[in-house]
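Trainee: Quick one: the structure is below, and I'll ask about it shortly.
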Amino acid sequence: MTTGRTSRHRHRRGPDPFCCVDGPGYRDGVTPHLPVLAVRSAPPPTSSRAATVPFRSDLLAFGVVASGAGWAGVAVNRAAGRPDSMDSPGSLVWLLSPLAAAAVLRRVRHGAFLPLRPADAVASSGTHRTLAWGTAVLVYPAVTAGALGLGRAAGLVDLSRADVAGLGRSIATALGPALVKNLVEESCWRGYLTEELLRAGVGRVPLNLTVGAVWAAWHVPYYLRFLPEADMRAVLDVPRRAFAAVAAGVILAWTPLYTEVYALTRSVWPGVVMHAVEDAVVNPSAMATGIRYTRAGQWLVSPVVGAVTSAAYTAVGWALGRLGRALRGPVR
Numbered sequence: 000m001t002t003g004r005t006s007r008h009r010h011r012r013g014p015d016p017f018c019c020v021d022g023p024g025y026r027d028g029v030t031p032h033l034p035v036l037a038v039r040s041a042p043p044p045t046s047s048r049a050a051t052v053p054f055r056s057d058l059l060a061f062g063v064v065a066s067g068a069g070w071a072g073v074a075v076n077r078a079a080g081r082p083d084s085m086d087s088p089g090s091l092v093w094l095l096s097p098l099a100a101a102a103v104l105r106r107v108r109h110g111a112f113l114p115l116r117p118a119d120a121v122a123s124s125g126t127h128r129t130l131a132w133g134t135a136v137l138v139y140p141a142v143t144a145g146a147l148g149l150g151r152a153a154g155l156v157d158l159s160r161a162d163v164a165g166l167g168r169s170i171a172t173a174l175g176p177a178l179v180k181n182l183v184e185e186s187c188w189r190g191y192l193t194e195e196l197l198r199a200g201v202g203r204v205p206l207n208l209t210v211g212a213v214w215a216a217w218h219v220p221y222y223l224r225f226l227p228e229a230d231m232r233a234v235l236d237v238p239r240r241a242f243a244a245v246a247a248g249v250i251l252a253w254t255p256l257y258t259e260v261y262a263l264t265r266s267v268w269p270g271v272v273m274h275a276v277e278d279a280v281v282n283p284s285a286m287a288t289g290i291r292y293t294r295a296g297q298w299l300v301s302p303v304v305g306a307v308t309s310a311a312y313t314a315v316g317w318a319l320g321r322l323g324r325a326l327r328g329p330v331r
């Protein structure tokens, strides 16, 4: 690492290069009488945001495990003679393998199985916590409601048969299991991978691309194998491979939002709640409850894969990051 240029001096007398050097006023090797100056050590270099993700074997290992977990689950189902579904043993392999890998790799590198929090994050201000929790609870309902309103105004969504009571029941039923499932997920993507990249000083763009790519790769077997066909086509009526490609792009678009909510507190809990609200609110709004979308409506304003909603989540994440860094000062 380059810390600055050093000057080479030809010494005339004395063992200390700071006492006898060539230069103006030095004649015949005679050192003039100079006032004693205090010598300060150079200040530590300020941290800078890395343009790329540093190569680390532990991060590579985590990416490999996360990307292959679902396919390992498919192999387990084949060996057990079970069809691929979310009720199969393979789905547990898919869900739990990244969590186990994160715990082991964290133990090897940091000596702890559980997620780590920096000391300054523990003392984060009430403003940061309010921003994180407010976003976690409100962003998905707000964007979903806005998208449905926009879609209705544009003739892309038919709300005439919407079952509001049924939507409420779906949300209440889904919220509890979603909290458990997303505690597992967020402990991996934010509690481990995002935290490690933040500690390494990686800038937001490469960080979000890395986390989003690993997160999307982990989901691909779910879209191709575990997700029921009817549920997939209720969201977007396309072949499975096309759906997986679109959904992977959506995950990349959502990643900045999750990164910034996590960075405000360096706690997984706001992300767990936000992800659970997404599962409980967004999915029923797209797949059930009598809400009907036109073909264009699915692509544009679907709460799950719509281009408008995805752009909105990216914009909220970007704005939240700018606001959080302005309140905090130095970038974390």
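Here numbering that gives the first Met the number 0 is used: the first residue of the sequence shown is 0, the next is one more, and so on. All residues carry an ideal CB built from backbone N, CA and C; glycine is no exception.
Within the same chain, show all residues whose beta-carbon is closer than 8 Å to that of W298, passing over the 5 residues directly before and after it, in chain order.
Mentor: L235, V304, G305 and A306, listed in sequence order.
Trainee: Consult DSSP for R291 and reduce its assignment to one of helix, strand or coil.
Mentor: The answer is strand: DSSP assigns R291 an E or B state.
Trainee: With which residues is D157 paired in a DSSP beta bridge?
Mentor: Answer by DSSP bridge pairing, in chain order: R291.
Trainee: For the pair the segment 178–195 and the segment 265–274, tell me if three or more CB-CB distances fall below 8 Å.
Mentor: Contact holds: three or more Cβ-Cβ distances are below 8 Å.
Trainee: Output the boundary residues of the alpha helix (DSSP H) element that contains S284.
Mentor: Counting along the chain, the alpha helix (DSSP H) containing S284 begins and ends at N282 to M286.
Trainee: L158 and L174: beta carbons closer than 9 Å?
Mentor: No, these two residues do not count as a Cβ contact at 9 Å.
Trainee: Based on Cα-Cα distance, which residue from L98, A131 and R151 lies nearest to A190?
Mentor: Just to set this straight, residue 190 is Gly in the shown sequence, not Ala. Of the listed residues, the one whose Cα sits closest to G190 is L98.
Trainee: Taking the continuous alpha helix (DSSP H) assigned at L223, which residues delimit it?
Mentor: Note, L223: premise wrong, no alpha helix (DSSP H); not H, not E.
Trainee: Would you mind sorting E73 into buried or exposed? The rule is 16 or more other CB atoms within 10 Å of its CB.
Mentor: According to the sequence displayed, residue 73 carries Val and not Glu. Flag for V73 reads buried.
Trainee: Locate the alpha helix (DSSP H) running through S186, then write down its first and last residues.
Mentor: Note, S186: alpha helix (DSSP H), V163 to C187.
Trainee: Secondary structure at M85, three-state DSSP: helix, strand or coil?
Mentor: In this structure, M85 counts as coil in the three-state DSSP scheme.
Trainee: Whole angstroms is fine: what's the gap from D83's alpha carbon to G165's?
Mentor: If I take the Cα positions, the gap works out to 28 Å.
Trainee: Can you name, in chain order, every residue of its own chain whose Cβ lies under 7 Å from the Cβ of A79, other than the five neighbours on each side?
Mentor: Result list for A79: P88, in chain order.
Trainee: Are the CB atoms of Y139 and G273 within a distance shorter than 9 Å?
Mentor: A small correction: the amino acid at residue 273 is Met; Gly does not occupy that position in the sequence shown. Cβ atoms of M273 and Y139: closer than 9 Å.
Trainee: According to DSSP, simplified to helix, strand and coil, what is R55?
Mentor: DSSP places R55 in coil when its eight states are reduced to three.
Trainee: Check each candidate in M85, L196 and T134 and name the one with the smallest Cα separation from H218.
Mentor: Per the Cα distances, M85.
Trainee: Applying the 10 Å Cβ sphere with the 16-neighbour rule, what's the burial state of D278?
Mentor: Buried is the call here.
Trainee: Start and end of the alpha helix (DSSP H) containing G305?
Mentor: Run containing G305: none; DSSP gives neither H nor E here.
Trainee: Look at the alpha carbon of V210 and the alpha carbon of A152, and state the distance between them as a whole number of angstroms.
Mentor: Going from the Cα of V210 to the Cα of A152 covers about 36 Å.
Trainee: Helix, strand or coil, according to DSSP, for G133 in the structure here?
Mentor: Here G133 sits in helix by DSSP.
Trainee: State the CB to CB distance for the pair G316 and L130, rounded to an integer number of angstroms; the pair is presumed to be in contact (CB under 8 Å).
Mentor: Not confirmed; about 12 Å, so no contact.
Trainee: Under 8 Å: do the segment 200–215 and the segment 238–256 share three or more Cβ pairs, one atom per stretch?
Mentor: Cβ pair count under 8 Å is three or more, so yes.
Trainee: Counting only the same chain and skipping the five closest in sequence on each side, list residues whose C-beta sits under 7 Å from that of A102.
Mentor: The residues are F112.
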